[in-house]
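Asker: This note's numbering numbers the first residue of the sequence shown as -11 and each following residue consecutively.
The C-beta atom is built at its ideal place from N, Cα and C for all residues, glycine as well.
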Amino acid sequence: MKITWLGHSGFRIEIGKHILLVDPWLTGNPSFPEDKRQEAVVGATHILLSHGHGDHSGDAVALASELGIPVLGIFDLMSFWAARHDIETLGFNKGGTVDLGGVKVTMVNAEHSSSIEGPDGPIYCGAEAGFMIEGEGHVIYFSGDTDVMADMRIFHDLHRPDIGILCCGGHFTMDMRRAAYAAREFFDFKVVLPCHYRTFPLLEQSADALAEALPGVDVKTPEVMEPVTI
-11 MKITWLGHSG FRIEIGKHIL LVDPWLTGNP SFPEDKRQEA VVGATHILLS HGHGDHSGDA
49 VALASELGIP VLGIFDLMSF WAARHDIETL GFNKGGTVDL GGVKVTMVNA EHSSSIEGPD
109 GPIYCGAEAG FMIEGEGHVI YFSGDTDVMA DMRIFHDLHR PDIGILCCGG HFTMDMRRAA
169 YAAREFFDFK VVLPCHYRTF PLLEQSADAL AEALPGVDVK TPEVMEPVTI
């Protein structure tokens, strides 16, 4: 398995026979080097989208069209796009599981908001979510944008994720202290990768506090486009 951070909350996850692009915001992402775009998307088989905000969904439609691959996400937004764009979508909802063939993706709850930009302001298209991604003997919890939730205890009990990809930049999501609390109190991660940080000055710039608060957990802080092999 290889997990490559695409900056902000975007990831390329090579798992089983699949290459998943999760919240792949590339265009206009100040953390993502434009000359690495082809390297980031080559061979991708699916796009997973946690919610509609542009810093997560901005490239989803274009990539789905360019690569000829489906976008998976909340039913409402997928239906909205399917009616307006010539792309393949697969809509499901919280608690639902999609079997991709050797890799299973379960949508779980998140606490945030979700909208896309419309001509007269935000268009609300369903709800925000996270994902449990199961394959190669591992379970990855991709938190999406969220705060700490008591639901996380249920996520642990049902899915037992050993890898956590956690938003932790603060202001719009959990900060490092809250993400560390979530990881420590609700989960038993072996590996944690922080995201939704460093992108803008408004967000936290270092994950040192997260690592310090999680002794015994392998908190990995790769650079953008630096793959982590697990």
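1. For the putative contact between MET140 and PHE119, defined by C-beta atoms under 8 Å, what is the C-beta separation to the nearest angstrom?
2. Please report how far the alpha carbon of ASP150 lies from the alpha carbon of ASP108, in whole angstroms.
3. Using three-state DSSP, classify ARG208 as helix, strand or coil.
4. Let me check one thing: in DSSP terms, what residues is GLY106 bridge-paired to?
5. Please state whether the Cβ-Cβ distance between LEU60 and VAL86 is less than 8 Å.
6. Using C-beta distances below 8 Å, list every residue in its chain close to GLU105, excluding the 5 sequence neighbours before and after it, in chain order.
7. Apart from the five residues on each side of it in sequence, which residues of its chain come closer than 6 Å, Cβ to Cβ, to LYS92?
8. Can you tell me the Cα-Cα spacing of LEU14 and GLU173, whole angstroms?
9. Would you please state the rounded distance, in angstroms, between the beta carbons of VAL216 and ILE(-9)? I believe it to be under 8 Å.
10. Which parts of the stretch 39 to 112 are runs of the alpha helix (DSSP H), unbroken and 4 residues or longer, counting only runs that do not cross its ends?
11. Could you check where the beta strand (DSSP E) with MET120 kicks off and where it finishes?
12. Below 8 Å on the Cβ atoms is my guess for SER(-3) versus CYS155; work out the distance and round it to an integer in Å.
13. Give me the DSSP bridge partner(s) of TRP(-7).
14. Quick one: give me the first and last residue of the beta strand (DSSP E) that ILE151 is part of.
15. At what residues does the alpha helix (DSSP H) containing PHE174 begin and finish?
16. For the structure I just gave you, are there three or more beta carbon pairs, one from the stretch 205 to 216 and one from the stretch 162 to 179, closer than 8 Å?
17. Run the CB neighbour count on ILE3, radius 10 Å, all protein chains shown included, and call it buried at 16 or more, exposed below.
18. Do you know offhand how far ASP135's Cα is from VAL10's?
19. Between the beta-carbon of PRO21 and the beta-carbon of MET213, is there less than 8 Å?
20. If I measure Cβ to Cβ from HIS184 and keep anything under 8 Å in the same chain, skipping five residues before and after, which residues do I get?
21. Count the other C-beta atoms from every protein chain shown that fall within 10 angstroms of the C-beta of LEU146, then say buried if there are 16 or more, exposed otherwise.
22. How many angstroms separate the CA atom of PHE(-1) from the CA atom of HIS144?
Answerer: Concretely, from the data shown:
1. What you label residue 140 is simply residue 152 of the sequence shown in a count that begins at 1. What you label residue 119 is simply residue 131 of the sequence shown in a count that begins at 1. The Cβ separation is near 14 Å, so there is no contact.
2. Residue mapping note: residue 150 aligns to position 162 of the sequence shown, counting from 1. Residue mapping note: residue 108 aligns to position 120 of the sequence shown, counting from 1. If I take the Cα positions, the gap works out to 43 Å.
3. For this step, residue 208 is matched to residue 220 along the sequence shown. Looking at the sequence provided, one finds Lys at residue 208 rather than Arg. It is coil, neither helix nor strand.
4. Position 118 of the sequence shown holds residue 106. When beta bridges are read from the DSSP output, GLY106 appears opposite GLY109.
5. Here residue 60 corresponds to residue number 72 of the sequence shown, with the count starting at 1. Here residue 86 corresponds to residue number 98 of the sequence shown, with the count starting at 1. Yes, these two residues count as a Cβ contact at 8 Å.
6. The residue you call residue 105 lines up with position 117 of the sequence shown. So the list reads GLY42, ILE111, once near-sequence residues are dropped.
7. For the purposes of this step, residue 92 is taken as the residue at position 104 of the sequence shown. Answer for LYS92: THR85, GLU122, listed in chain order.
8. By one-based count along the sequence shown, residue 14 stands at place 26. By one-based count along the sequence shown, residue 173 stands at place 185. Distance between the alpha carbons of LEU14 and GLU173: 33 Å.
9. Position 228 of the sequence shown, counted from the start, is the residue given in the question as residue 216. Position 3 of the sequence shown, counted from the start, is the residue given in the question as residue -9. With a contact defined as Cβ atoms closer than 8 Å, VAL216 and ILE(-9) qualify at about 5 Å.
10. Counting whole runs of 4 or more residues, the stretch 39 to 112 contains the alpha helix (DSSP H) stretches 42 to 45, 48 to 55, 63 to 70.
11. Numbered from its first residue, the sequence shown carries residue 120 at position 132. In this chain, the beta strand (DSSP E) harbouring MET120 covers 117 to 123.
12. If you number the sequence shown from 1, residue -3 lands on position 9. If you number the sequence shown from 1, residue 155 lands on position 167. Correct: roughly 6 Å between the Cβ atoms.
13. Counted from its first residue, the sequence shown places residue -7 at position 5. According to DSSP, TRP(-7) bridges with PHE(-1).
14. By 1-based counting over the sequence shown, the position of residue 151 is 163. Where ILE151 is concerned, the enclosing beta strand (DSSP E) stretches over 151 to 155.
15. Stepping through the sequence shown from its first residue, residue 174 is reached at position 186. PHE174 -> alpha helix (DSSP H) spans 164 to 174.
16. Taking 8 Å as the limit for Cβ pairs, the verdict is that the stretch 162 to 179 does touch the stretch 205 to 216.
17. Taking the sequence shown and counting its residues from 1, the one referred to as residue 3 is at position 15. It is buried - the Cβ of ILE3 has at least 16 other Cβ atoms within 10 Å.
18. Taking the first residue of the sequence shown as position 1, residue 135 is located at position 147. Taking the first residue of the sequence shown as position 1, residue 10 is located at position 22. The alpha-carbon of ASP135 is positioned some 19 Å away from that of VAL10.
19. In the sequence shown, counting from the first residue as 1, residue 21 sits at position 33. In the sequence shown, counting from the first residue as 1, residue 213 sits at position 225. In contact: PRO21 and MET213 (Cβ atoms closer than 8 Å).
20. Residue 184 sits at position 196 when you count from the first residue of the sequence shown. By the criterion of a C-beta distance shorter than 8 Å, HIS184 is surrounded in its chain by HIS(-4), SER(-3), ASP133, CYS155, CYS156, GLY157, PHE160, THR161, LEU191, once the five residues flanking it on both sides are discounted.
21. Taking the sequence shown and counting its residues from 1, the one referred to as residue 146 is at position 158. Residue burial is scored here from C-beta neighbours: LEU146 has fewer than 16 other C-beta atoms within 10 angstroms and is therefore classed as exposed.
22. For this step, residue -1 is matched to residue 11 along the sequence shown. For this step, residue 144 is matched to residue 156 along the sequence shown. Spanning the two alpha carbons is a distance of roughly 22 Å.
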